[in-house]
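K.L.:
Residue numbers (the working numbering), protein chains in the order written: chain A, 2 to 471; chain B, 274 to 662. Glycine included, every Cβ here is placed at the ideal spot set by N, Cα and C. Quick caveat: nothing in here was measured; it's all calculated off a predicted structure. Questions regarding the structure given below will be posed in turn.
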Ligand code: SF4
C-alpha cells in the first residue's frame, strides 16, 4: 500500500490509531489552508521532528499532537464563527486564567486562542515554514527593516490570508512590549475594521530592584486593570463568568505548574535526560490557553514525567555525565537548531529561565480575590518585572538548578523582554560570578541569523564552558 | 525673516548654549537642578518647586547612542539611547550635576532608558504614563504619579508647591505657549515668515532660557515676524514634518528640507516641542488641570492607544489649515511604533493624494549617508513643487 505521509505525521505526533481516521481529513484540510504541501509534511515527519524532538517518547509525541490538534482547531475558527461561537483572541504571555474561565463557562459558545503562538510554533517549529507569513506582513505595512516581532507579523498575516477570522474580542495584554497591542490597532485600521481589540496595559515604571508583587498599590492597579479587561471581554461576547470560575482555573493552573516544576527538576538531572527542545513546548501551557483543553497536555506531561524519571533512574542522558549546563533565557522550538547546536557541542541548556518558576511563584497567592491573586502572580514572574528584581530571581534559579552559567539574548525583536538582556548579563554576572553570555539573534525567525551566522558564537561559548568545567 | 528677527533668534541660541554654565552657577548657590525626559513631565511643577528644569532631549550624533550598546539592545531608539549616551561618553556637562532626573515611562524605549539611568546610579524618578489613555483607571494612575512627583520635588527642594506657586508657574508657561502659538500661526502665510528649521530650534531654546529672558524676546520676535518678511520664495512648497522627535542638535533633516527649496510650515512631533496649542487652566484644582491637559487633551502620542486615527485626522486638518503640499515623515531607526504608524500615514496620504516621504535616521550623517538623503529630499521637494504649479 502507498505511504500516506499525512497519516504518518499524525502517528508520529502521538495520535492513536482510532483518532487518525477522525483527524486525517481535518489535518489534510488544515495543512492545505496553512499553505503546507505534502513535501512539507514529509519534511516534518522524516527530518525536522525526529531531529529535534525525542519522538521515541510517547509523552513527547502526544505533546506534539496537542499542538497539531490545536492548530487544526485554529484553522476551523471561521467555521466556529459562522456557527455563532464567539471568537476571543489574546497574545502571549497573558494570564490565561481569564481565557480558560470563559471557555469553561461556555465551552460550546466560546473559542479562545492566541493564534500567533500556535502558528509560529507549529509552522516554524515543525515545518520551518513561517517565512511566507512574515513576508506577507512585510509587504503590507510591517516593514522588514525595523525588526518587528514575528508573532505580531504572523497574527497579521494569518488574518490577511484568511486563516483566522476577525475576533469578537481580541483582549490584548500590553504588559510587556508595546508592539503587540499597537499591532492590533494597526490591523484594525490598515486591514480589518472588524478586528475588535481591548487593551490592558501597565507602565514599566518601577525602580530597579523593586519587589513588585509586594507593592500593594501596583498589585491593586494591575488587578483592577485585569478586572476591567475581563469584564469588557465578557460584555463584548455576552457571557457572564460566574464567581469562582477563575479560582477554579487558578488551581488547575497551579496543578499543572507544579508538574512542570517536577519536569524542570528532572530536566536538570545529570546527565541531562532530554533535549531542551523536546520538553519546552510543555511550558507554553503556562501562558497560552488551548481551545481544545488542557487535559491532553496534562496527560502528555504525566507520561513524559514517567518516561524521563525512568531515564534519570537509568542514568541515560543526551550528554555525558558532568557536561556543563547553562540556563538560557528562553529557547524556542521555532528555531530548534540553536539548542541542538549547544548540545552537539557538549553543553546542555535544559531549561528556559522565562518559564521556570521561582520559589515565590510556587507559593500560594496572598489574596483570595482572584484578580489580586492573578496580579500578584504576574508580578512574581521574573520576565514581567524590572531588571533588578528579575536578576534576583534569575540568581535564585541558577542556584536551585545548579547551573554553571547563563545565556541571554536571541530576543532582539523584542523592545521589552529582549532589550534588558545586556544589562541583565552584567547584573547576573556581578551577583553570581558565573559566566554569563549574550547572543544577538532571533528566536522566532531564523532568516537573518542562520546556523552559519551563530555557529562561531555558540561554539566559543561551549568551549569556554568545557574548559571551565574540566 | 528680517535681520532683527535673525538677531533675536541668535541671541536666544546664545542664551540656550550657556545654559550648562548658568545651571552650574545656580547649583553653587544651592538651587536644585532637575533634568526631565518627555512631554508628560510638567515643567510647571518643576518651576513651582523652585528647581531649575533641564530638558534632556539631545540627538543628531551617532556616537552617543552607540555608547549604550554594551548595556542595551542595539535595536532601540537612538534618541532614547542618546539621552544617556552623552553622559557615558563624558560629553554631557549637565547630567552629572543633576539632583534628580524625572524620566517619563510611556513606552519600552523610555523605560529602558530609565533602567540605564538607575544602573549608572543617577538619581531618577520614573513618571509612569499608561498608554491606554481613555480609561479612567489610567487617568487616575497618571494623576497619582503627578501627586507623587510633587511630593518628591518638595522633599528635594524643601519648598512646598503651594497653589500660589503652581499658579504662577502655570501662568508663565501659558504665556510662553501663547506667544509660540502666535508665531506658529504666522506660518499659515505664504511664504511663511519663519520656517520649520528655525521654529523647531526656537522651541528648543525655549526649554533652555529663563522665562524672564525668553518672553520679552519672543514678543519682539513675533512683532518682527508679523511684518511678514519671509526668507522663502513666493511659490515655496509647503511641507509638514511629522514623526517622533527632532532632538536638540538633530537639525540635518529640517535644514536639508529648507535648503532643498521647501519649507516646513507645521509639525506633528511628539517630543521636543512645546505642545503650545494647549494651555493649562489656572483656576480650580491645579494639579487636576495639569493632569487633564498633559494626559488627556493634547494630541495623543503615537504610543497611546487608540491614537492613530485621531492623529491622522489631525494631520488632515493641518494639511487643510496650513495648505500643506507634502508630508515628510521623520523616523528614528528601530522605533517600531512609529514604523507601524508610518505605513498607516502613507496609506492615508495616498487616499487624499498628498505626497509622502518617509525618512529614517540613526543619526548617521556622514558624507556617505547625507548624499543619498539629500537626493531623496531634493527630488521629493521638486516633485511637490511640480505638483503645486
Ligand atoms: S515582542 Fe516579545 S512580548 Fe511582544 S509580541 Fe513579540 S514576543 Fe511577545
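1. Just reading off the alpha helix (DSSP H) that residue 351(B) is part of, what are its end residues?
2. Thinking C-alpha only, which one of 411(B), 502(B) and 422(B) is nearest residue 222(A)?
3. For the candidate residues 145(A), 146(A) and 175(A), whose alpha-carbon lies nearest to that of residue 405(B)?
4. Show which residues of chain A have a CB atom less than 7 Å away from the CB atom of residue 401(B).
5. Just the chain A side, please: which residues come within less than 8 Å of residue 576(B) by C-beta, in chain order?
6. Taking the alpha-carbon positions, what's the residue 156(A) to residue 238(A) distance?
7. Taking residue 581(B) as the query, report the chain A residues whose CB atoms sit under 8 Å from its CB, ordered along the chain.
8. Is the number of C-beta pairs between the stretch 321-333 of chain A and the stretch 347-354 of chain A that are closer than 8 Å three or more?
9. Give a yes or no on whether 7 Å exceeds the smallest Cβ distance from residue 417(A) to chain B.
10. Kindly examine ligand 1 and report whether one of its heavy atoms sits closer than 6 Å to the Cβ of residue 181(A).
11. Tell me whether the stretch 370-388 of chain A and the stretch 300-312 of chain A touch, counting them as touching only if at least three CB pairs, one residue from each stretch, are closer than 8 Å.
12. Quick one: Cα of residue 589(B) to Cα of residue 610(B), how far?
13. If you check the beta carbons only, do residue 555(B) and residue 444(B) fall under 7 Å apart?
14. Cβ of residue 351(B) within 7 Å of Cβ of residue 635(B)?
15. Does residue 533(A) come within less than 7 Å of chain B when only Cβ atoms are used?
16. In terms of alpha-carbon separation, which member of 170(A), 262(A), 72(A) and 139(A) lies closest to residue 362(A)?
17. For ligand 1, is there any heavy atom lying closer than 6 Å to the beta carbon of residue 177(A)?
18. Determine, using beta-carbon pairs with one atom in the stretch 329-337 of chain B and one in the stretch 627-641 of chain B, whether at least three such pairs fall under 8 Å.
19. Using the Cα positions of residue 530(B) and residue 536(B), report the straight-line distance between them to the nearest angstrom.
20. Could you spell out the range, first to last residue, of the beta strand (DSSP E) harbouring residue 438(A)?
21. Does any residue of chain B have a CB that is nearer than 7 Å to the CB of residue 424(A)?
22. List, in order along the chain, the chain B residues whose C-beta lies closer than 7 Å to that of residue 394(A)?
23. Less than 7 Å between the C-beta atoms of residue 112(A) and residue 81(A), yes or no?
24. Could you check if residue 163(A) is buried or exposed, using at least 16 other CB atoms within 10 Å of its CB as the buried criterion?
25. Using a Cβ-Cβ cut-off of less than 8 Å, give me the residues of the stretch 371-387 of chain B that come near chain A, in sequence order.
26. Is residue 301(A) closer than 7 Å to residue 64(A) when the C-beta atoms are compared?
27. Taking one C-beta from the stretch 243-253 of chain A and one from the stretch 33-50 of chain A each time, how about it: are there three or more such pairs within less than 8 Å?
28. Closer than 9 Å by beta-carbon distance: list the chain A residues that pair up with residue 612(B), in chain order.
29. Relative to the C-alpha of residue 370(A), which residue among 54(A), 104(A), 224(A) and 184(A) is closest?
30. Between the C-alpha atoms of residue 516(B) and residue 540(B), what's the straight-line distance to the nearest angstrom?
31. What separation, rounded to the nearest whole angstrom, lies between the Cα atoms of residue 131(A) and residue 282(A)?
32. To the nearest angstrom, how far is it from the Cα of residue 585(B) to the Cα of residue 297(A)?
33. Along chain B, in chain order, which residues have C-beta atoms closer than 9 Å to that of residue 193(A)?
34. According to DSSP, residue 398(B) sits in a beta bridge with which residue or residues?
35. Is there contact between the stretch 174-189 of chain A and the stretch 102-111 of chain A, where contact requires at least three CB pairs shorter than 8 Å?
36. Assuming residue 313(B) contacts residue 607(B) under a Cβ cut-off of 8 Å, what Cβ separation, rounded to an integer in Å, is found between them?
P.N.:
Reading off the structure:
1. Reading the second chain from its first residue, position 78 is the one you call residue 351(B). Run containing residue 351(B): 351-361, per the alpha helix (DSSP H) assignment.
2. Taking the first residue of the first chain as position 1, residue 222(A) is located at position 221. That would be 411(B), whose Cα lies nearest to the Cα of residue 222(A).
3. If you number the second chain from 1, residue 405(B) lands on position 132. Here the closest residue by C-alpha is 175(A).
4. Residue 401(B) sits at position 128 when you count from the first residue of the second chain. What residue 401(B) touches in chain A: 204 and 206.
5. The count along the second chain starts at 1 and reaches residue 576(B) at position 303. Near residue 576(B) (Cβ distances below 8 Å), the residues of chain A are 179 and 183.
6. Within the first chain, numbered from 1, the residue matching residue 156(A) stands at position 155. Within the first chain, numbered from 1, the residue matching residue 238(A) stands at position 237. Taking the straight line joining both Cα atoms gives about 21 Å.
7. Counting from 1 along the second chain, the entry for residue 581(B) is found at position 308. Ordered by position in chain A, the residues that pass the 8 Å Cβ test against residue 581(B) are 186, 187 and 190.
8. yes
9. Translated into the one-based positions of the first chain, residue 417(A) becomes position 416. Closer than 7 Å to some Cβ of chain B, the Cβ of residue 417(A) qualifies, so yes.
10. Stepping through the first chain from its first residue, residue 181(A) is reached at position 180. Answer for residue 181(A): yes, Cβ within range of ligand 1.
11. no
12. Taking the second chain and counting its residues from 1, the one referred to as residue 589(B) is at position 316. Taking the second chain and counting its residues from 1, the one referred to as residue 610(B) is at position 337. Each residue's Cα considered, the two are about 20 Å apart.
13. If you number the second chain from 1, residue 555(B) lands on position 282. If you number the second chain from 1, residue 444(B) lands on position 171. Yes. Within cutoff.
14. Here residue 351(B) refers to the residue found at position 78 of the second chain. Here residue 635(B) refers to the residue found at position 362 of the second chain. Taking 7 Å as the Cβ cut-off, residue 351(B) and residue 635(B) qualify as a contacting pair.
15. The shown model of chain A, from 2 to 471, leaves out residue 533(A), and the question about it has no answer.
16. As a working mapping, residue 362(A) is identified with position 361 in the first chain. Considering only alpha carbons, the answer is 262(A).
17. The residue given as residue 177(A) occupies position 176 in the first chain. Yes, ligand 1 has a heavy atom inside 6 Å of this Cβ.
18. yes
19. The residue labelled residue 530(B) in the question sits at position 257 within the second chain. The residue labelled residue 536(B) in the question sits at position 263 within the second chain. Going by the C-alpha atoms only, they are around 7 Å apart.
20. By 1-based counting over the first chain, the position of residue 438(A) is 437. Where residue 438(A) is concerned, the enclosing beta strand (DSSP E) stretches over 437-440.
21. By one-based count along the first chain, residue 424(A) stands at place 423. True, the Cβ-Cβ gap to chain B drops below 7 Å.
22. Position 393 of the first chain, counted from the first residue, corresponds to residue 394(A). Simply none; closest approach about 16 Å.
23. The residue given as residue 112(A) occupies position 111 in the first chain. The residue given as residue 81(A) occupies position 80 in the first chain. It is a contact, given that the beta carbons lie within the stated cut-off.
24. The sequence position of residue 163(A) within the first chain is 162, counting from 1. Residue 163(A) comes out exposed.
25. 378, 379, 380, 381, 382, 384, 385 and 387
26. Here residue 64(A) corresponds to residue number 63 of the first chain, with the count starting at 1. Here residue 301(A) corresponds to residue number 300 of the first chain, with the count starting at 1. Inclusion of residue 64(A) and residue 301(A) in the CB contact set at 7 Å is warranted, their separation being smaller than that value.
27. no
28. As a working mapping, residue 612(B) is identified with position 339 in the second chain. The answer, in chain order, is 143, 144, 146, 147 and 149.
29. For the purposes of this step, residue 370(A) is taken as the residue at position 369 of the first chain. Of 54(A), 104(A), 224(A) and 184(A), the residue nearest in Cα terms is 224(A).
30. To locate residue 516(B), count along the second chain from 1; it is residue 243. To locate residue 540(B), count along the second chain from 1; it is residue 267. Their Cα atoms are separated by approximately 8 Å.
31. Taking the first residue of the first chain as 1, we reach residue 131(A) at position 130. Taking the first residue of the first chain as 1, we reach residue 282(A) at position 281. Whole-angstrom Cα-Cα distance: 17 Å.
32. As a first step, residue 585(B) must be located in the second chain, where it is residue number 312. As a first step, residue 297(A) must be located in the first chain, where it is residue number 296. Roughly 47 Å between the two C-alpha positions.
33. Numbered from 1 along the first chain, position 192 holds the residue referred to as residue 193(A). Neighbours of residue 193(A) on chain B: none; closest Cβ ~13 Å, over 9 Å.
34. Here residue 398(B) is taken as the residue at index 125 of the second chain, counted from 1. Note: residue 398(B) sits in a beta bridge opposite 375(B).
35. no
36. Against the second chain, residue 313(B) aligns to sequence position 40. Against the second chain, residue 607(B) aligns to sequence position 334. About 22 Å; that fails the 8 Å criterion.
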